[in-house]
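Just remember that our numbering sits 783 ahead of the position in the sequence shown, which is counted from 1.
One structure is given here, and the rest of the page talks about it.
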Amino acid sequence: MKIKTPVTEMLGIDLPIIGAPMFLVSYPDLVVAVSEAGGLGTFPSQNYRTIEELRRGLEDIRSRTKKPIGVNLILHKAHNPNWAKHLEILLEFKVELIITSLGSPRSIINEAKSVGTKVFCDVTTLRHANLVAKSGADALVAVAQGAGGHAGNISPFSLFPYLKKEIGLPVLAAGAISGGAQMAAAMSLGADAVYIGTRLIATKEAAASQEYKEMIVESAPEEIVYTEKISGIPANWLKRSVEKAGDNFHNEGSTDIDQEFKRWRDIWSAGHGVAQIDSIIPAGDVIKGMAAEYADIVNKLPKLV
């Protein structure tokens, strides 16, 4: 199956489905599975502690798939002091897509384009979208309310068509997209592709712990906590994992989370899309199933009479 959009044409992929790069979750197994299924698999460069480990990770991926892949590159020195060295490796391997966050892509655009790499940027507001568009971004990842991890606070019903109209760049829809129904809704709102994270955590190839995967399956959207107390930036988290951090989290104004629980390891992110996740399955089945469900739903939509 192929679904043609500006994003699939730009990246040379069959399906407008991008696997979100997830810290400590997205590694070669997941990247390869998503790309081989027709979407585009990605990972964050910071999943690797050293430059040599990053190189070996890319070598592993390239040895297992010839399909396009992507890498998230944080451009803020405080959060990623080695971003320039990471960029050198990504350009060396000519990764098809770099997804930037926490910084302006202006510093990497020319180098990326010189090797044919596209640059997409995470945004949550029109102001940020304008900044990255002026810097030369190829597309926007519109992170709406309900997305796992660091998320915006604007409804997807508003954010996707808003950015598409105001900016004019291709838009990837992020936020509570776990199946073909949400994909169809996002595309009807003007999105050119969808960006899925939470659904891919509950897959066999994800590097998340079994407990994390099972918690995704067992949790309801009412159990997603949106707060800046965990990481300093507003984000969505699984309530059950937050509760492990101790009662101090629940004291208003408190950021004193029990230190035996490492924020990045034991407090787990997820989005409202948990509502549609009821099993742990192969990532390739997620991608193919989403595309098939999308086609079925589009064909069944009420027709004009």
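Glycine included, each C-beta is placed from N, C-alpha and C at the ideal position.
(request) Assign F940 to buried or exposed, taking buried as 16 or more other Cβ atoms, counted over all protein chains shown, within 10 Å of its Cβ. (result) exposed
(request) Check whether the Cβ atoms of L952 and A895 sit closer than 9 Å, and answer yes or no. (result) no
(request) In the DSSP assignment, find the unbroken beta strand (DSSP E) run with F826 in it and report its ends. (result) G824 to P827
(request) Return helix, strand or coil for G1072, following the three-state DSSP convention. (result) Helix at G1072.
(message) Buried or exposed, going by whether 16 or more other CB atoms sit within 10 Å of the CB of I984?
(response) buried
(message) Can you tell me which residues form a DSSP beta bridge with A956?
(response) A925 and V977
(request) Could you check the C-alpha separation between L909 and A956 for me, to the nearest Å? (result) Distance between the alpha carbons of L909 and A956 is about 14 Å.
(request) Taking 9 Å as the cut-off, decide whether the C-beta atoms of L856 and S828 are in contact. (result) yes
(message) With a threshold of 7 Å on Cβ separation, who are the neighbours of K947 within its own chain once the five nearest residues in sequence on each side are excluded?
(response) V954 and G973
(message) Among the candidates G963, P1065, I1050 and W1051, whose CA atom is the shortest distance from the CA of L1084?
(response) G963
(message) Given a cut-off of 9 Å on the beta-carbon distance, is the pair T981 and A959 in contact?
(response) yes
(request) Determine the extent of the alpha helix (DSSP H) in which D905 is found, giving its start and end residues. (result) Here D905 belongs to no alpha helix (DSSP H); instead the beta strand (DSSP E) covers K901 to V906.
(request) For A1075, count neighbouring C-beta atoms within 10 Å of its own C-beta (all shown protein chains included) and say buried if the count is 16 or more, exposed if not. (result) exposed
(message) For S884, list the residues DSSP reports as bridge partners.
(response) As DSSP reads the structure, S884 sits in a beta bridge with I857.
(request) Pick out the complete beta strand (DSSP E) segments inside the stretch 809-852, 3 residues or longer, and give them in chain order. (result) 824-827
(message) Would L880 and L823 be called neighbours here (beta carbons separated by less than 9 Å)?
(response) In this structure, L823 lies closer than 9 Å to L880 by Cβ.
(request) Note down the Cα distance separating L874 from K1086, rounded to an integer number of angstroms. (result) For L874 and K1086, the gap between their C-alpha atoms comes out near 47 Å.
(message) Distance check for P851 and G795, CA to CA, integer angstroms please.
(response) Cα to Cα, the separation comes out at about 7 Å.
(message) Which same chain residues end up closer than 8 Å to S890 when comparing Cβ atoms and leaving out the 5 residues on each side of it in sequence?
(response) L858
(request) Check each candidate in T791, A803, D797 and V815 and name the one with the smallest Cα separation from G1067. (result) Answer by Cα proximity: V815.
(message) At a cut-off of 8 Å, would you count L946 as near the ligand NAD, judging by its Cβ distance to the nearest heavy atom?
(response) Summarising the ligand content, the structure contains no ligands, and the ligand NAD is consequently not present.
(request) Could you tell me if S1089 is buried or exposed, where buried requires 16 or more neighbouring beta carbons within 10 angstroms of its beta carbon? (result) The requested residue 1089 is not part of the displayed model; the chain covers only 784 to 1088.
(message) On a Cα-Cα basis, can you pick out the residue from I786, D921 and G853 that is closest to A803?
(response) G853
(request) Would you tell me roughly how many angstroms separate the C-alpha atoms of W1020 and V1088, rounded to the nearest one? (result) 44 Å
(request) Ignore the nearest five residues each way along the sequence and tell me which others in T791's own chain have a CB closer than 8 Å to its CB. (result) K785, D797, L798, P799 and A976
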